[in-house]
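The next block holds one structure in the form of structure tokens; read it before the comments.
Protein chains: 2
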Amino acid sequence: MAGKETAGRRWSIGELARASGLTVRALYHYDEIGLLRAGERTASGHRRYTGDDVRRLYRVRALRALGLPLEKIAEVLADPADDLDTMRALLAVQLRDLEEQAGRIHRLTQEVRGLLCRIDEESMPGPEQFMATLEMMSMFDAYLTREQQEQLAERRAALGPEGVEEAKLRWAGLVEELLGHAQAGTPADDPRVRALVARWDALADRFHADGEAGERTRAAARRMWRDNGTEISRNLPWPVDRMTALVAYVERVRRSEA
Amino acid sequence: MAGKETAGRRWSIGELARASGLTVRALYHYDEIGLLRAGERTASGHRRYTGDDVRRLYRVRALRALGLPLEKIAEVLADPADDLDTMRALLAVQLRDLEEQAGRIHRLTQEVRGLLCRIDEESMPGPEQFMATLEMMSMFDAYLTREQQEQLAERRAALGPEGVEEAKLRWAGLVEELLGHAQAGTPADDPRVRALVARWDALADRFHADGEAGERTRAAARRMWRDNGTEISRNLPWPVDRMTALVAYVERVRRSEA
DNA sequence: CTAGAACCTCCCGTCGCGGAGGGTTCAAGC
DNA sequence: GCTTGAACCCTCCGCGACGGGAGGTTCTAG
Numbered sequence: 001m002a003g004k005e006t007a008g009r010r011w012s013i014g015e016l017a018r019a020s021g022l023t024v025r026a027l028y029h030y031d032e033i034g035l036l037r038a039g040e041r042t043a044s045g046h047r048r049y050t051g052d053d054v055r056r057l058y059r060v061r062a063l064r065a066l067g068l069p070l071e072k073i074a075e076v077l078a079d080p081a082d083d084l085d086t087m088r089a090l091l092a093v094q095l096r097d098l099e100e101q102a103g104r105i106h107r108l109t110q111e112v113r114g115l116l117c118r119i120d121e122e123s124m125p126g127p128e129q130f131m132a133t134l135e136m137m138s139m140f141d142a143y144l145t146r147e148q149q150e151q152l153a154e155r156r157a158a159l160g161p162e163g164v165e166e167a168k169l170r171w172a173g174l175v176e177e178l179l180g181h182a183q184a185g186t187p188a189d190d191p192r193v194r195a196l197v198a199r200w201d202a203l204a205d206r207f208h209a210d211g212e213a214g215e216r217t218r219a220a221a222r223r224m225w226r227d228n229g230t231e232i233s234r235n236l237p238w239p240v241d242r243m244t245a246l247v248a249y250v251e252r253v254r255r256s257e258a
Numbered sequence: 001m002a003g004k005e006t007a008g009r010r011w012s013i014g015e016l017a018r019a020s021g022l023t024v025r026a027l028y029h030y031d032e033i034g035l036l037r038a039g040e041r042t043a044s045g046h047r048r049y050t051g052d053d054v055r056r057l058y059r060v061r062a063l064r065a066l067g068l069p070l071e072k073i074a075e076v077l078a079d080p081a082d083d084l085d086t087m088r089a090l091l092a093v094q095l096r097d098l099e100e101q102a103g104r105i106h107r108l109t110q111e112v113r114g115l116l117c118r119i120d121e122e123s124m125p126g127p128e129q130f131m132a133t134l135e136m137m138s139m140f141d142a143y144l145t146r147e148q149q150e151q152l153a154e155r156r157a158a159l160g161p162e163g164v165e166e167a168k169l170r171w172a173g174l175v176e177e178l179l180g181h182a183q184a185g186t187p188a189d190d191p192r193v194r195a196l197v198a199r200w201d202a203l204a205d206r207f208h209a210d211g212e213a214g215e216r217t218r219a220a221a222r223r224m225w226r227d228n229g230t231e232i233s234r235n236l237p238w239p240v241d242r243m244t245a246l247v248a249y250v251e252r253v254r255r256s257e258a
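Top line first, the protein sequences correspond to chains A and B. The first sequence runs 1 to 258 under full-length UniProt numbering. The second sequence runs 1 to 258 under full-length UniProt numbering.
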């Protein structure tokens, strides 16, 4: 049926490059790996691409735009295209990944754009705070999944700005009290500090959802605090060494409970 | 001011990898290229990362998430971060690119998703048409800029589905007439075929905007038709060889006018 | 006929790591 | 103190999708 094309226009590699928006070098590459060979060659060895080749190239381009690696593209095009189901499944997976990626990029750019705006408005003191916020975002990414971050954002929104501010104030008070105990040398199993840590956890719970998912988020956040408490607290108006001591102290209290 | 950290917790490379979500190998890489060296080494050569290093790593992660290449990140972090303007400009450019990319991905996935749905509904005959549509999308990408494609989409929407259908019908009529003339051997400078080509162009103009931008789009579309008319018309119910002849014929008519 | 554009092959470089290989060192249990 | 297994060290090779240059041949317009 669809035999070789024996007549019609031929394209040189340069013409094809211009027509497809690719570079000549890319076409050489496709030839090398066997993804798109020229249907013919002149006596002297120049590539002559046939209409079929052009058609194939557009398919390649289209699939590549979907993010398929060249090898997969070769596979898809190697089949006589009758196993539509395979291709559809493959594309579906690819699409999901692409959209997720696009969403992540979009959210990230929105956040950073917001940051930049706030810098413009001089409401932020300078590059230090900016970098600190970037660090926090990166840290959240390292410890929490996307869903968990969304959960937290939801809870924050539910509490509202004044709710968040109030929690911050309460937290500041707890920090002061715990620092006092740490400096005074109160032992980690003292009921008073245990009570303080319990209030600390209750405060954190305001930001977590209920159920198993919330429990996992809580555990992840606690790991994050344990590993990076000092870094986290650089955003805050307390000296770093005291925060380091605080992190260690809270950890000791927790361990004395377990 | 911010001298070297002489006391405090130290991290091994494995701990740092776990804390940051990167791999040990990646950290080796960062060390190799000088992006993040361990502040200290043990006598035996094991890396000891200091708190400063951890802090730097989170900055690296954050900037990398924005798509900056590692070298740029090193530059940004090399400056004492006082030239905030440079960084802001750099980030702004990066953000624009990222958002554009995200938008492209999103539009592409939407279109392909639509295609897949239509395949499911059996309203499309099969993989051939599916691939043909993908080819068209890729071809549009090669010849038209994003703005130009959006312009065309706008005009299509303005014409409405029935407007588009009517244009298709008229175009089919023109194709038939021109094919007749081509087969009958009517010379390319015959006033009758010139009139037909003029109507052809007028029809195309319905899809183009006014002004200089529209003019450029028109030119690009004409280039696309000249280079790929045969491929384009594979979507249409005429035999391919006749369309090839038609493309050549229309091109001759245009040249005889110039 | 000649200039210069286009084409050929071969090969090395990029970027951000992954993974293997082969040796050394650390930390915990006995 | 000794062993053992995990963690760490360094070095090298590889990928994917080309970019770019060297050094030579061929095509095409004037």
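The beta-carbon is built from N, C-alpha and C at its ideal position, and this holds for glycine as well.
Residue of A:98, A:154, A:181 minimising C-alpha distance to residue 214 of chain A: The option with the nearest alpha carbon to residue 214 of chain A is A:154.
With 9 Å as the C-beta to C-beta threshold (strictly closer), list the residues of the segment 95 to 109 of chain B near chain A in chain order. Listed by position, the residues of the segment 95 to 109 of chain B near chain A (Cβ gap below 9 Å) are 95, 96, 98, 99, 101, 102, 103, 104, 105, 106, 108, 109.
Can you check whether the CB of residue 171 of chain A is closer than 9 Å to the CB of residue 203 of chain A? Pairing residue 203 of chain A with residue 171 of chain A gives a Cβ-Cβ distance under 9 Å.
Which chain A residues are close to residue 113 of chain B, counting only those with a beta carbon under 8 Å from its beta carbon? The contacting residues are 95.
Check for me: the alpha helix (DSSP H) holding residue 53 of chain A runs from which residue to which? Per DSSP, residue 53 of chain A belongs to the alpha helix (DSSP H) from 51 to 65.
Bridge partners - residue 40 of chain B, DSSP secondary structure assignment: When beta bridges are read from the DSSP output, residue 40 of chain B appears opposite B:48.
What distance in whole Å lies between the Cβ atoms of residue 156 of chain B and residue 207 of chain B, which are believed to be in contact at a cut-off of 8 Å? So it is a contact: roughly 7 Å between Cβ atoms.
Roughly how many angstroms lie between the CA atoms of residue 113 of chain B and residue 59 of chain A, to the nearest whole one? The straight-line gap from Cα to Cα measures roughly 17 Å.
Comparing C-alpha positions only, which one of B:36, B:211, B:246, B:140 sits nearest to residue 184 of chain B? Nearest of B:36, B:211, B:246, B:140 to residue 184 of chain B, Cα basis: B:246.
Between the C-alpha atoms of residue 262 of chain A and residue 105 of chain B, what's the straight-line distance to the nearest angstrom? Outside the displayed span of chain A (1 to 258) sits residue 262 of chain A, for which this structure offers no information.
Would you say residue 14 of chain A lies against chain B (beta-carbon separation less than 9 Å)? Using a Cβ-Cβ cut-off of 9 Å, residue 14 of chain A does not count as an interface residue toward chain B, since no Cβ of chain B sits closer than that to its own.
By Cβ distance below 7 Å, which residues in the same chain neighbour residue 9 of chain A in space, the five residues on each side in sequence not counted? 51.
I need the boundaries of the alpha helix (DSSP H) containing residue 13 of chain A, first residue and last residue. Membership of residue 13 of chain A in the alpha helix (DSSP H) is indicated by the continuous run 13 to 20.
Neighbour-count burial assignment, residue 198 of chain A, 16 or more Cβ in a 10 Å radius: It is exposed - the Cβ of residue 198 of chain A has fewer than 16 other Cβ atoms within 10 Å.
Please determine, among A:110, A:108, A:98, the residue with the shortest C-alpha to C-alpha distance to residue 109 of chain B. Comparing Cα-Cα distances from residue 109 of chain B to each of A:110, A:108, A:98, the minimum goes to A:98.
Are the beta-carbon atoms belonging to residue 66 of chain A and residue 16 of chain A less than 9 Å from one another? It is not a contact, given that the beta carbons lie outside the stated cut-off.
Looking at the unbroken alpha helix (DSSP H) that takes in residue 29 of chain A, where does it start and where does it end? First-last of the alpha helix (DSSP H) with residue 29 of chain A: 24 to 32.
Extent of the continuous alpha helix (DSSP H) run through residue 191 of chain B: Start and end: 191 to 205.
Within 9 Å, strictly: CB atoms of residue 169 of chain B and residue 250 of chain B: Annotated as distal: residue 169 of chain B and residue 250 of chain B, with beta-carbon spacing of 9 Å or more.
Spatial neighbours of residue 30 of chain A within its chain, please: CB distance less than 6 Å, with the 5 preceding and 5 following residues excluded, ordered by chain position. Same-chain partners within the cutoff: 36.
Do you know offhand how far residue 123 of chain B's Cα is from residue 163 of chain B's? Interpretation of residue 123 of chain B is limited by its pLDDT of 48, a score under 50 that renders its predicted location unreliable; no figure is taken from the coordinates.
Please report how far the alpha carbon of residue 188 of chain B lies from the alpha carbon of residue 256 of chain B, in whole angstroms. Distance from the CA of residue 188 of chain B to the CA of residue 256 of chain B, rounded to the nearest whole angstrom, comes to 7 Å.
Kindly indicate which residue of A:38, A:165, A:20 has the alpha-carbon position closest to the one of residue 62 of chain A. Among A:38, A:165, A:20, the Cα nearest to that of residue 62 of chain A belongs to A:20.
Does DSSP classify residue 208 of chain B as helix, strand or coil? Residue state, collapsed to three classes: coil.
Three-state secondary structure assigned by DSSP to residue 79 of chain A: Residue 79 of chain A: coil per DSSP, three-state reduction.
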